[in-house]
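Participant: Chains as they are written, first to last, in the working numbering: chain D, 52 to 393; chain S, 52 to 393; chain F, 52 to 393; chain L, 52 to 393.
Just so you know, even glycine gets a beta-carbon here, dropped at the ideal spot from N, CA and C.
These numbers come from a predicted model, not from an experiment.
Mind looking over this structure? Questions follow.
4 protein chains.
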Amino acid sequence: MRLNVGIIGAGRIGKIHVDNLRAIPQIRVKSVSDVAIGSLQEWANERQIEVLTTNYSDILNDTEIDAVFICSPTNTHSRIIKEAALAGKHIFCEKPVSFAVEDTKSALQAVEQAGVKLQVGFNRRFDANFLKVRQLVQEGIIGTPHTLRITSRDPEPPSLEYIQSSGGLFMDMTIHDFDMARYIMGSEVVEVFANGAVLVDPLIGDAGDIDTAIISLKFANGALGVIENSRRAAYGYDQRLEVFGDKGAAKADNNRATTVEVSTSAHVTKEKPLYFFLERYTQAYIDEVNQFVRAVLENQQVCCSGFDGLQAERIAQAAKKSLETGAPVQLQLNEKSEAAIK
Amino acid sequence: MRLNVGIIGAGRIGKIHVDNLRAIPQIRVKSVSDVAIGSLQEWANERQIEVLTTNYSDILNDTEIDAVFICSPTNTHSRIIKEAALAGKHIFCEKPVSFAVEDTKSALQAVEQAGVKLQVGFNRRFDANFLKVRQLVQEGIIGTPHTLRITSRDPEPPSLEYIQSSGGLFMDMTIHDFDMARYIMGSEVVEVFANGAVLVDPLIGDAGDIDTAIISLKFANGALGVIENSRRAAYGYDQRLEVFGDKGAAKADNNRATTVEVSTSAHVTKEKPLYFFLERYTQAYIDEVNQFVRAVLENQQVCCSGFDGLQAERIAQAAKKSLETGAPVQLQLNEKSEAAIK
Amino acid sequence: MRLNVGIIGAGRIGKIHVDNLRAIPQIRVKSVSDVAIGSLQEWANERQIEVLTTNYSDILNDTEIDAVFICSPTNTHSRIIKEAALAGKHIFCEKPVSFAVEDTKSALQAVEQAGVKLQVGFNRRFDANFLKVRQLVQEGIIGTPHTLRITSRDPEPPSLEYIQSSGGLFMDMTIHDFDMARYIMGSEVVEVFANGAVLVDPLIGDAGDIDTAIISLKFANGALGVIENSRRAAYGYDQRLEVFGDKGAAKADNNRATTVEVSTSAHVTKEKPLYFFLERYTQAYIDEVNQFVRAVLENQQVCCSGFDGLQAERIAQAAKKSLETGAPVQLQLNEKSEAAIK
Amino acid sequence: MRLNVGIIGAGRIGKIHVDNLRAIPQIRVKSVSDVAIGSLQEWANERQIEVLTTNYSDILNDTEIDAVFICSPTNTHSRIIKEAALAGKHIFCEKPVSFAVEDTKSALQAVEQAGVKLQVGFNRRFDANFLKVRQLVQEGIIGTPHTLRITSRDPEPPSLEYIQSSGGLFMDMTIHDFDMARYIMGSEVVEVFANGAVLVDPLIGDAGDIDTAIISLKFANGALGVIENSRRAAYGYDQRLEVFGDKGAAKADNNRATTVEVSTSAHVTKEKPLYFFLERYTQAYIDEVNQFVRAVLENQQVCCSGFDGLQAERIAQAAKKSLETGAPVQLQLNEKSEAAIK
């Protein structure tokens, strides 16, 4: 069986998905849409892409297309999800699903009604380090989880333009960590308290955002958690976590380009962490796409559902509200919550 | 020049101070007082201690005594400090100075009026790992500090009797971390938000305390921090910290008994952390006593003053209040604060 | 420009090369020959391979073929190299080139006369860890190299049948380390002293081979070296090296599946090394093939020449002689040697 | 019970033993002899040493003295051992016992006839790391040992004067490693092949010695080993070992002043190894003296006997001969050997 795929939005991440999809024998990347296709012709030719269009409806209207990857700007996601669902396409959508919980909910409703698959691009769930920690937790190796700590620092902030349209640190960057928190702990977040600061660049503050945050979490199972974020780590992309339980602890460290250690009269050095997400999550991007393809071909559950996307957004909004009010913010447990998260 | 020292309270920590003092050439440990001296006779003889008494006033009234170490229960500290100050003795006092900020303040006042030295036993300041991180921060190696993370987990909880009289987790255990936070960051804590839980042992909850905590901090210099505590880590005493700044990060890991790594078909293992504070801070206990002796003999400032003790207590009280109210608690900056902390 | 490639011998390594070649845009894997093609039909179809033959001459006689990969048994290498050179094909040949230095020399002569490229499959040269150490040495970071230590242990021995036809430990397994020694040190080996033992499996001894070895080396530049081999490490594939010079040392450690560390009451564990060469050298196999393709397409020097293959074999033979005689064995410097190795 | 001790030779190591002995309650360091006592008066007074003499016979003739520490130059060791044994004193002697196997043998004979204890100062046996590896081997955790690797590099060479009278690298420096090899493997060395070079300082070569060595070993139990030495490691004192067996491997790494790791835009650094033997083996020096005192007081076997000293010297001599002849040198198994080593 073969799957025909269309890509909506051929920016950096869309292009990565194309190459990862092409390496899968059962996949044919037939179509790509983008607002600016002028510079994409050669790239598309080299990859035997048959349809290159500025209008994503060309993809949705193509009855040969089985699945679409939505890699366009966030403010277009929920609309395209609804249209794609209506057209009966399976959907892989980059995170976040939308900037507004209500938008996300209505998109998920459309997906549910259409009975198509929807996977949200929380690529870090596929990172070998984090996956291993999750497995250790699920196997009970560290016992009942008591606390979780996530460190997530970018090597440098995005452009101010991007920041202004990103939905803010919590919605753009921490959303990955909110999803990771649920994924590792296997429990919903029920309270958020956020401290934020502008320490990296005052222009980020001028743009109405923060660049540094420490966010305290309470989980439905009684455990506690904390997420630490910075928009700029001088030494590179810092992606670690540690979960502590009554039988022990498991921690995931950064990946490095080599294992080489150098000792001189000045110091003993090892490699810095891999620079950024493209280097750190190369394999995770491959694995998430493989997982989606398998879920569609074998009619299995996706690893990272629309509901997961929704819950992460809800936590992000709570964090935002906590930052604004200076007080902790409670989250209601959805009836699906604890069942869905396991 | 020689210093004659008396020890008030010969429990576990009092005895350790005696042995560490005896190894210093300029020191004569002349007297020891304890409520129960029956079992101490042989111990005292082996150490050439001349006076063994149940009445600590015998020590304060001995004009030959230059300095006293107060290692009695916390609820006696402030009273003995005042009496010792009045008697003109230099004072080393175990932490905390008292359970009530007002008590501590009045003790400090007595010390100030008497013009004697007072060092508070925040032994962790002398740990080589943490000292090194502090130096790196002060030398600007990691730039302006943005965030601080302290992990502090005991290998097992104290007895329930101890917990009931300990002043609670924040006053008994986290107080070390509150002091460490000020010490590393070189800035006062101005806001505390505490999450706590009873996850280790429900009897601790029945005793009115918590055993697990994540505490968010804001510093006067704008930086953020977080402290993570547990009363029981299955793998031993876990004492780490990491400070992150605009030029990089420095982290201190646990100490282990050996560097040996073993690889078998089952796994690759290294040593667990040293079991508890007596193993981990053996050298720190030696160094803090040496520092106090030097401060007295050479009339220098102590490394860890009564004011430091007071500030840690104030943060502990704020944390307690935050836990009770579920809201962040602000701390007023004392006029001495930022000057004193540098 | 496009390169048409034929594969001679489609065993495990031949198949890996096919998949790695297919991922390169400029490459068309047109033909595969193998003595047993019955079971290869489906595999070949899935990969759009046009010619599947039992007769490798079909590939050499195909004028469309630009380059061949020789992945057949070692005892066929030199003959096929000569024929392929005569046919004007560029050649990638698995190590070793042959079991006899004279055979290798005559094959290299044919290659030289034909003016084709020949790259020998010392894949470890492309491992990121070892490559990094080589660069550090070449950049002078560790100063003048004084000593080199290579640890090379397999997770389990090959079959006895394989051992009997392998040419022995030095020719089959250590040959990679002999090449690595030259590669890292940038100098020829001029003396070998080999200690060997049968400690893993007496049947290996019955087959006339050893399974454990420590080999002392002297280099032309005056440095010393040592290689340690075992056919079976209980914990997996152990591939490390350390070079020590007057300004410091650089060491390359094993790769592991994840960075996860687990602490329990029993122990602190991390992952074992990746199991074997297919896992450890996945990327190195990709990189060596890319390098060969680039060398052919851009008419550049190969990274790992026939001369490198010859020198490694000469050291292996010297080691064998040392083991037999119990005495160190000298190697004459070839006039090409020191020039070629840089 | 109390032990009266005399120290013969109050150089650097003699003074260290004095301080370590004084910390043991049962010990009275009564007498010290040295050829130059002029500068030692104050040092001796501070330590309540009663007898300070230029004539070590004053110590041997003092009937109150129970045990002596021989810390004088190596060429005086065997003579003083004999005289001390004749005087009925227990003996702690620095390594090596002598420069000539025959001298050592005659000294050991005197000790045996007198029935006194003799411990040789192989302090590294007491290092926590190496001790742990030995225990792991003895407990069978790594199975039957197959290979041993010892890395032993000094941070800087001794003075040329010292080198000229030291007996050469193997007798002065590697002798510790020869002893360690026997200690870890629990088996005698039966063959030595030594490669040596002058790479650190040509003046060391002019003085007739080498400064770099790789020494291959065969053990009586069939295992293989290798020792790597350098007189100068730019990054400090490098003292590691790894033993590999059929069930796994155990390795001991260097000790460092702190666990602190610093990440900046330039690199990730950790501490260099502790600078030299006084820092690395501080605790081992304390432990070896405690062990000797216990052996005398409780009439137990010493951990490190005269026979151990003799065997290490025999290996050193064999290594020297191997270096001179360029061939491996066999060592006869003494009848005591395998029994004694367990």
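Thinking C-beta only, is Leu329(L) closer than 9 Å to Asn305(L)?
Facilitator: The count along the fourth sequence starts at 1 and reaches residue 305(L) at position 254. The count along the fourth sequence starts at 1 and reaches residue 329(L) at position 278. In this structure, Leu329(L) does not lie closer than 9 Å to Asn305(L) by Cβ.
Participant: Out of curiosity, what's the CA-to-CA distance linking Ala274(D) and Asp178(F)?
Facilitator: Taking the first residue of the first sequence as 1, we reach residue 274(D) at position 223. Taking the first residue of the third sequence as 1, we reach residue 178(F) at position 127. Approximately 43 Å between the Cα atoms of the pair.
Participant: Quick one: list the residues of chain D neighbouring Ser203(F), beta-carbon separation under 9 Å, in chain order.
Facilitator: Residue numbering aside, residue 203(F) sits at position 152 when the third sequence is read from its first letter. Those do not exist, as Ser203(F) stays about 15 Å from chain D at its closest Cβ, beyond 9 Å.
Participant: Excluding the 5 residues flanking Ala138(L) on each side, which residues of the same chain have their C-beta closer than 6 Å to its C-beta?
Facilitator: On the fourth sequence, residue 138(L) is found 87 positions in, with the first residue counted as 1. So the list reads Leu111, once near-sequence residues are dropped.
Participant: How would you list, in chain order, the residues of chain S whose beta-carbon sits under 8 Å from the beta-carbon of Asp297(D)?
Facilitator: The residue you call residue 297(D) lines up with position 246 of the first sequence. Within chain S, the residues near Asp297(D) are Leu250, Val251, Arg283 and Ala285.
Participant: Name the chain D residues whose beta carbon is nearer than 9 Å to that of Glu322(L)?
Facilitator: Counting from 1 along the fourth sequence, the entry for residue 322(L) is found at position 271. Here the neighbours are His318 and Val319.
Participant: Give the secondary structure of Pro196(F) by DSSP, where H, G and I count as helix, E and B as strand, and everything else as coil.
Facilitator: For the purposes of this step, residue 196(F) is taken as the residue at position 145 of the third sequence. Note: Pro196(F) maps to strand in three-state DSSP.
Participant: Looking only at C-alpha atoms, which of Asn126(L), Leu292(L), Gly287(L) and Val243(L) sits nearest to Ala369(L)?
Facilitator: For the purposes of this step, residue 369(L) is taken as the residue at position 318 of the fourth sequence. When only C-alpha atoms are compared, the closest one is Val243(L).
Participant: Going by C-alpha distance, which of Phe221(L), Arg291(L) and Ile59(L) is nearest Glu375(L)?
Facilitator: Locating residue 375(L) in the fourth sequence gives position 324, counting from the first residue. Comparing Cα-Cα distances from Glu375(L) to each of Phe221(L), Arg291(L) and Ile59(L), the minimum goes to Phe221(L).
Participant: Counting contacts by CB-CB distance shorter than 9 Å, is Ser314(F) in contact with chain S?
Facilitator: Your numbering for residue 314(F) matches position 263 in the third sequence. Closer than 9 Å to some Cβ of chain S, the Cβ of Ser314(F) qualifies, so yes.
Participant: My output table needs one value for Glu163(F): the three-state DSSP class, helix, strand or coil.
Facilitator: The residue labelled residue 163(F) in the question sits at position 112 within the third sequence. Note: Glu163(F) maps to helix in three-state DSSP.
Participant: Quick one, are the C-beta atoms of Asn126(F) and Ser267(F) less than 9 Å apart?
Facilitator: If you number the third sequence from 1, residue 126(F) lands on position 75. If you number the third sequence from 1, residue 267(F) lands on position 216. Against a cut-off of 9 Å, the Cβ pair of Ser267(F) and Asn126(F) comes out as no contact.
Participant: For chain D, is any of its Cβ atoms less than 9 Å away from the one on Val277(S)?
Facilitator: Here the question's residue 277(S) lines up with position 226 in the second sequence. Yes, because at least one Cβ of chain D sits closer than 9 Å to the Cβ of Val277(S).
Participant: Can you list, in chain order, the residues of the segment 254 to 270 of chain L whose Cβ is nearer than 7 Å to any Cβ on chain F?
Facilitator: Thr263, Ile265, Ser267 and Lys269
Participant: Report yes if the C-beta distance between Val347(S) and Asp117(S) is below 9 Å; otherwise report no.
Facilitator: Indexing the second sequence from 1 puts residue 347(S) at position 296. Indexing the second sequence from 1 puts residue 117(S) at position 66. Contact flag set, yes.
Participant: Between the segment 249 to 263 of chain D and the segment 285 to 299 of chain D, can you find at least three pairs of beta-carbon atoms closer than 8 Å?
Facilitator: no
Participant: Mind checking which residues open and close the alpha helix (DSSP H) that includes Leu88(S)?
Facilitator: Taking the second sequence and counting its residues from 1, one reaches residue 88(S) at position 37. Going by the sequence as given, residue 88(S) is Ile instead of Leu. First-last for Ile88(S): undefined, no H or E at that position.
Participant: Cα separation between Gly57(L) and Cys122(S)?
Facilitator: Residue mapping note: residue 57(L) aligns to position 6 of the fourth sequence, counting from 1. Residue mapping note: residue 122(S) aligns to position 71 of the second sequence, counting from 1. Rounded to whole angstroms, Gly57(L) to Cys122(S) spans 39 Å at the Cα level.
Participant: Relative to the alpha-carbon of Gln77(L), which residue among Lys66(L), Leu54(L) and Val83(L) has its alpha-carbon at the smallest distance?
Facilitator: Taking the first residue of the fourth sequence as position 1, residue 77(L) is located at position 26. Of Lys66(L), Leu54(L) and Val83(L), the residue nearest in Cα terms is Leu54(L).
Participant: Could you confirm whether any beta carbon from chain F is found closer than 9 Å to the beta carbon of Ala61(S)?
Facilitator: For the purposes of this step, residue 61(S) is taken as the residue at position 10 of the second sequence. The C-beta of Ala61(S) comes no closer than 9 Å to any C-beta of chain F.
Participant: Take the Cβ of Lys393(S) as the centre, count every other Cβ of all protein chains shown within 10 Å, and call the residue buried at 16 or more, exposed below.
Facilitator: As a working note, residue 393(S) is residue 342 in the second sequence. At Lys393(S) the pLDDT is 49, less than 50, meaning the model places this residue with poor confidence and gives no usable figure here.
Participant: Using C-beta distances below 7 Å, list every residue in its chain close to Phe343(F), excluding the 5 sequence neighbours before and after it, in chain order.
Facilitator: In the third sequence, the residue the question calls residue 343(F) occupies position 292. Around Phe343(F): Phe143, Gln170 and Val353.
Participant: Under the rule that 16 or more other beta-carbon atoms within 10 Å means buried, what is Asp257(L), buried or exposed?
Facilitator: Stepping through the fourth sequence from its first residue, residue 257(L) is reached at position 206. Around the CB of Asp257(L), fewer than 16 other CB atoms lie within 10 Å, so the residue is classed as exposed.
Participant: Who are the Cβ neighbours of Asp154(F) in its own chain at under 6 Å, not counting the five residues just before and after it?
Facilitator: Position 103 of the third sequence, counted from the start, is the residue given in the question as residue 154(F). Excluding positions up to five away in sequence, the list reads Ser129.
Participant: Tell me whether Thr114(F) sits in a helix, a strand or coil according to DSSP, three-state version.
Facilitator: Here residue 114(F) is taken as the residue at index 63 of the third sequence, counted from 1. Here Thr114(F) sits in coil by DSSP.
Participant: For Arg233(L) and Gln362(L), which I take to be in contact (beta-carbon distance under 8 Å), what is that distance rounded to the nearest angstrom?
Facilitator: Taking the first residue of the fourth sequence as position 1, residue 233(L) is located at position 182. Taking the first residue of the fourth sequence as position 1, residue 362(L) is located at position 311. Confirmed, about 6 Å.
Participant: Along the segment 72 to 99 of chain D, where does the CB come closer than 8 Å to a CB of chain F? Name the residues.
Facilitator: Within the segment 72 to 99 of chain D, the qualifying residues are Ala74, Pro76 and Glu97.
Participant: Are Gly436(S) and Gly166(S) touching if we call contact CB-CB under 9 Å?
Facilitator: A question about residue 436(S) goes unanswered here, because the residues of chain S that appear run from 52 up to 393.
Participant: Name the chain D residues that come within less than 8 Å of Asn306(F), Cβ to Cβ?
Facilitator: Sequence index remark: in the third sequence, residue 306(F) carries index 255 (1-based). Within 8 Å Cβ-Cβ: Thr310.
Participant: Near Leu182(L), what residues of its chain come up, given a Cβ to Cβ distance below 8 Å and the 5 sequence neighbours on each side ignored?
Facilitator: Numbered from its first residue, the fourth sequence carries residue 182(L) at position 131. Around Leu182(L): Arg176.
Participant: Bridge partners for Ile73(L) per DSSP, in chain order?
Facilitator: Along the fourth sequence, read from residue 1 onward, the residue named residue 73(L) stands at position 22. It should be pointed out that residue 73(L) corresponds to Arg in this sequence rather than to Ile. Paired residues: none, contrary to the question.
Participant: Using a beta-carbon distance below 9 Å, is Asn385(F) in contact with chain L?
Facilitator: Position 334 of the third sequence, counted from the first residue, corresponds to residue 385(F). Closer than 9 Å: no.
Participant: Determine the extent of the alpha helix (DSSP H) in which Ser123(F) is found, giving its start and end residues.
Facilitator: As a position in the third sequence, residue 123(F) is number 72, starting the count at 1. Looking at the DSSP string, Ser123(F) is not in any alpha helix (DSSP H), and its letter there is neither H nor E.
Participant: How many angstroms separate the CA atom of Glu312(S) from the CA atom of Ile235(D)?
Facilitator: Looking up residue 312(S) in the second sequence gives position 261. Looking up residue 235(D) in the first sequence gives position 184. Distance between the alpha carbons of Glu312(S) and Ile235(D) is about 28 Å.
Participant: Would you mind stating whether Ile226(D) and Glu364(D) have Cβ atoms separated by less than 9 Å?
Facilitator: Counting from one through the first sequence, the residue named residue 226(D) turns up at place 175. Counting from one through the first sequence, the residue named residue 364(D) turns up at place 313. Result yes, Cβ atoms of Ile226(D) and Glu364(D) sit closer than 9 Å.
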